[in-house]
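Throughout the sequence shown, residue numbering follows the working numbering, covering 307 to 467 in sequence. Written out below as structure tokens is the structure these notes cover.
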Amino acid sequence: LLQKNRIGLPEDPRTFVLDDFIHVVDTLRFLLPGEVEHVDVRARVREGLMHHVVLQLSGDGFTAIGMMNRMNGSTEEILEVSGQDTKRQVLNLSDVVDHKGQPTLRRRGDWVPVPRQRGIEQAVLAFLDAVRDGRELSARDALLTHELCERVVREALAQAS
Numbered sequence: 307l308l309q310k311n312r313i314g315l316p317e318d319p320r321t322f323v324l325d326d327f328i329h330v331v332d333t334l335r336f337l338l339p340g341e342v343e344h345v346d347v348r349a350r351v352r353e354g355l356m357h358h359v360v361l362q363l364s365g366d367g368f369t370a371i372g373m374m375n376r377m378n379g380s381t382e383e384i385l386e387v388s389g390q391d392t393k394r395q396v397l398n399l400s401d402v403v404d405h406k407g408q409p410t411l412r413r414r415g416d417w418v419p420v421p422r423q424r425g426i427e428q429a430v431l432a433f434l435d436a437v438r439d440g441r442e443l444s445a446r447d448a449l450l451t452h453e454l455c456e457r458v459v460r461e462a463l464a465q466a467s
């Protein structure tokens, strides 16, 4: 379950999904343990503005849910992954709580730069390494995320009409 919530920011559905919710979609896709067999989208769009969206992806033995509420009352990002008698929570990219019996909390240092917290630094370094090594990077994975986001937008707009 991945939640990315904001306060008072309803938005045009396409902008909402492609500028912000895309990160939820991409993270879910990265964490999936298998092929997606079923996709379900639920959204609330009022007067042309998306308030919230829920994406459910499921396959053999797994269900992944991503949600974003732009009328949440709190700015927060919460990831919970569970299975095989264990659970990990990541709270606002700063706290990691592992649950296996007693919860164990690990915190990121206060002075970690935002680009490193958000993975931007790592992505740029990986790209530069590929350029330096002469490796061609595929855009296929990014395309799959964008295709899924387009489906989210289409289904949200269909539900609104």
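From the three backbone atoms N, C-alpha and C, an ideal C-beta is built for every residue, glycine too.
Own chain, CB closer than 6 Å to residue i, minus 5 neighbours either side, in chain order
i, result
"residue 358", "350, 375"
"residue 466", "351"
"residue 365", "340, 341, 342, 343"
"residue 405", "393"
"residue 403", "395, 409, 411"
Cβ neighbours of residue i in the same chain (closer than 7 Å, five flanking residues each side left out)
i, result
"residue 379", "313"
"residue 363", "334, 338, 342, 345, 370"
"residue 451", "328, 331, 332, 335"
"residue 413", "400, 401"
Assumed close pair residue i, residue j - CB separation to whole angstroms, cut-off 8 Å
i, j, result
"residue 368", "residue 458", "Actually they are not in contact, since the Cβ atoms of residue 368 and residue 458 sit about 19 Å apart, beyond 8 Å."
"residue 310", "residue 386", "Not confirmed; about 13 Å, so no contact."
Burial state of residue i, where buried means 16 or more other Cβ atoms lie within 10 Å
i, result
"residue 462", "buried"
"residue 319", "buried"
"residue 372", "buried"
"residue 322", "buried"
"residue 361", "buried"
"residue 449", "exposed"
"residue 308", "buried"
"residue 443", "exposed"
"residue 454", "buried"
Residues near residue i in its chain [Cβ-Cβ closer than 8 Å; skip 5 each side]
i, result
"residue 424", "399"
"residue 427", "419, 421"
"residue 356", "316, 317, 318, 319, 322, 323, 349, 350, 376, 462"
"residue 433", "443"
"residue 460", "none"
At least three beta-carbon pairs within less than 8 Å, the segment 330-347 to the segment 391-404: No, they do not touch.
The segment 308-324 in contact with the segment 437-448 per 3-pair CB rule at 8 Å: They do not touch, by the three-pair rule.
Within the segment 378-419, ranges of the alpha helix (DSSP H) (whole runs, at least 4 residues): Complete alpha helix (DSSP H) runs here, min 4: none at all.
Runs of alpha helix (DSSP H) wholly within the segment 312-375 (minimum 4 residues, chain order): Here the runs fully enclosed are 319-322, 328-337.
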